[in-house]
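Counting with mature numbering (1 follows the signal peptide of the UniProt record, and there is no 0), you get residues -28 to -1, 1 to 506 for the letters of the sequence shown. Note that CB positions come from ideal geometry on N, CA and C, so glycine has one too. In this text the structure is predicted, and so the values were computed from the model without any measurement. Accompanying notes for the structure given below.
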Amino acid sequence: MKFLQYSVLPFLLVVVILSLSGATLVHSHGDFLHCLSLHLANSSTISKVIYMRNNPSYSSVLNASIQNTRFSTPATPKPLAIITPLKTSHIQSTIYCSKKHGLQLRIRSGGHDFEGLSYVSEVPFVILDLLNFRAVEVDTKNKVAWVQSGATLGELYYGIAAKTKTLGFPAGVCPTVGIGGHFSGGGYGILVRKYGLAADHIIDAQLIDANGRILDRKSMGEDLFWAIRGGGGNTFGIVLAWKIKLVPVPVVVTVFTVNKNLEQNVTKILHRWQYIAHKLPDDLYVDVGITKVSSSQAGKKTVQAAFIALFLGGVDELIPLVQERFPELGLAKENCSEMSWAESVLYLGRAPRTSLDMLLDKNVIPRTIFKAKSDYVKEPIPESGIEGFLSMFLEKEADFASMLMVPFGGKMEEIPENELPYPHRAGNLFQASYIVGWRKEENAESGKYISWIRRFYSYMATYVSKSPREAYFNYRDLDIGSNNISGYTSYQQASIWGFKYFKNNFKRLVQVKTMVDPMNFFRNEQSIPPLSSP
């Protein structure tokens, strides 16, 4: 793996520490100068690695990958420094210096954390931004790839598509999502029914632990290797890169979109979808996106369900399959398009498809202000229940709200729930996620939108998983529980949210954390705590 540079240099003190107010130094000027001189003695790239608050580029670097602009307001806590390492020794030095000076470290790859935890903290902190660790190496002969954590899903897919049209990878469809966070939480996408999660196809990794050691799968051991594949980022160490097994895809796939609204019997079609989608051949994935839209009646609104699909085959094979298994949808050939697998990622990600270069565009998905939640559904929701949640989309606060229903079954039905930390496998008909957004100028009124999604979540309680009410870690939601960000967090307190994300796997994750980071250096509001910590 050529792009990883191993360093045996002594740890360098590279972090310049400023106070939260930006007015004074937390530590003496002598400490600051000592740190700086030690770093400069070995590198002439300090201006490309350390961004302090008085650096003209500080704000642009900070905001470059904040995807949820709810966390880019003047009131949002800011890091004392942003570190953008160019090599592994910079990361080791950042860990060392953060520990020495008692600072929390937030690790950012794509900046998509739904609660901003990769770049926001209520206590003094620094950001370690992996934006320079973004290499992708694809080996088509052995059907594997190495990808660094700072790369995006789009960059990975582009790298694969540049080499082959017959291999793909079962991860998400948002091109700007960072590899580090996505893989760390499990990572699902449009190939989930055929191949399972992204984490199911990770076969090696390179990690730096709390002591600055660089570990691979063999040296970290199978317990830690298990934990990093779905147990969450910023908990066990900093994963620099992942080795993944690529999966076969046909040269031509077919996609379709069929829209149905309240005036087109959408309630009955949605009800029927619940009985069909998880039982379809695993080459066919049909999700549902629900939003408020304008009605055909002037000045009125309706609720629309967009049935959007990927089929690993041609349109002539798809049409009779859907007409037989899901005739209520009314699929016609004009709803369908044939394209490559890489193009289908853009299609199902609702992104422009002018060229595959869009996979590399950091702004291909607009940044928004939002709050999100997630659920897992194990029994079909009755029509009356569907009518109830559809009606909530007609409320004023739901102008920028949506619900996504992702079918499971297929491969997900075959994998034991303790195979990896991600436990939501057999027995789930679909994953449901809810999101509400608002305009920037409405930030002062954000409470009413957050109240709406909490009411929606409360309404859905009758119809979703229970004891625990399961949730998807990568759709982070601090409403379901959190750690004490400074001071001790008990196993019991963390269990409140931990069992929702990980079910009984939470117990093993705590054991691994206790083994590899007993002092709880890598932590945030929803990181796995050790059994005892300072």
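Classified as buried, SER156 has 16 or more neighbouring CB atoms from the shown chains inside 10 Å of its CB. Annotated three-state conformation of LEU196 is helix, per DSSP. Closest by C-alpha distance to ALA344, out of ASP101, PRO220, ASP451, SER37, is ASP451. Taking every protein chain shown into account, the CB of ALA270 has fewer than 16 other CB atoms within 10 angstroms, so this residue is exposed. Taking the Cβ atoms as the reference, ALA466 lies roughly 6 Å from ASN455, within the contact range of under 8 Å. The region 326 to 338 makes no contact with the region 230 to 238: fewer than 3 CB pairs, one atom from each, lie closer than 8 Å.
The DSSP assignment places no complete run of the beta strand (DSSP E) inside the region 427 to 466 (cut-off: 3 residues). Measuring C-alpha to C-alpha distances from TYR91 to each of LYS135, THR45, GLY126 identifies THR45 as the nearest. By the Cβ test, the region 321 to 328 is not in contact with the region 102 to 112, since fewer than three Cβ pairs between them sit closer than 8 Å.
Contact check for THR226 against GLU310 passes: the beta carbons are separated by less than 8 Å. Note that the C-beta distance between LEU218 and ALA143 is not below 8 Å. In this structure the region 388 to 405 lies against the region 345 to 365, because at least three pairs of beta carbons, one per stretch, are closer than 8 Å. Between ILE186 and LYS215, the CB-CB gap reaches or exceeds 8 Å.
Within the DSSP bridge table, the entry for GLN246 names no partner. Looking at the DSSP output, TRP469 shares a beta bridge with no other residue.
In this structure, the straight-line span from the alpha carbon of LYS264 to that of ALA370 is close to 7 Å.
The DSSP-derived three-state label of TYR91 is coil. By the CB criterion at 8 Å, LEU125 and VAL164 fall outside the cutoff. For the options PHE97, ILE38, LEU58, ALA134, the alpha carbon positioned closest to that of GLY88 is the one of ILE38.
The distance from the Cβ of LEU503 to that of TYR463 is about 6 Å, consistent with a contact at the 8 Å cut-off. As computed with DSSP, ARG201 is found in no beta bridge at all.
DSSP places PRO51 outside both helix and strand once states are collapsed to three, so it counts as coil. The secondary-structure analysis by DSSP pairs ASP111 across a beta bridge with VAL116.
Beta bridge pairing from DSSP links SER405 with SER346, LEU376. DSSP places ASN415 in the helix class (H, G or I) of the three-state scheme.
Leaving aside the five residues that flank LYS420 on each side, the residues in its chain whose CB is nearer than 6 Å to its CB run, in chain order, GLU369. When secondary structure is reduced to three states using DSSP, LEU290 falls in the helix class.
A direct Cα-to-Cα measurement between THR434 and THR56 gives close to 46 Å.
In this structure, LEU284 lies away from VAL378, with their beta-carbon atoms at least 8 Å apart. The C-alpha of ASN35 is placed about 12 Å away from the C-alpha of ILE99. Looking at the backbone, the Cα of GLU497 and that of ILE457 are separated by about 6 Å. Under the Cβ criterion (8 Å, minimum of three pairs), the region 273 to 293 counts as touching the region 245 to 265.
In this chain, ILE162 is not harboured by any alpha helix (DSSP H), its DSSP state being neither H nor E.
DSSP lists ILE54, ARG78 as the bridge partner or partners of ILE99.
Here LYS137 has VAL223, SER312 as same chain residues with Cβ atoms under 7 Å from its own Cβ, once five neighbours each way along the sequence are excluded. 8 Å or more divides the Cβ of HIS250 from the Cβ of PRO352.
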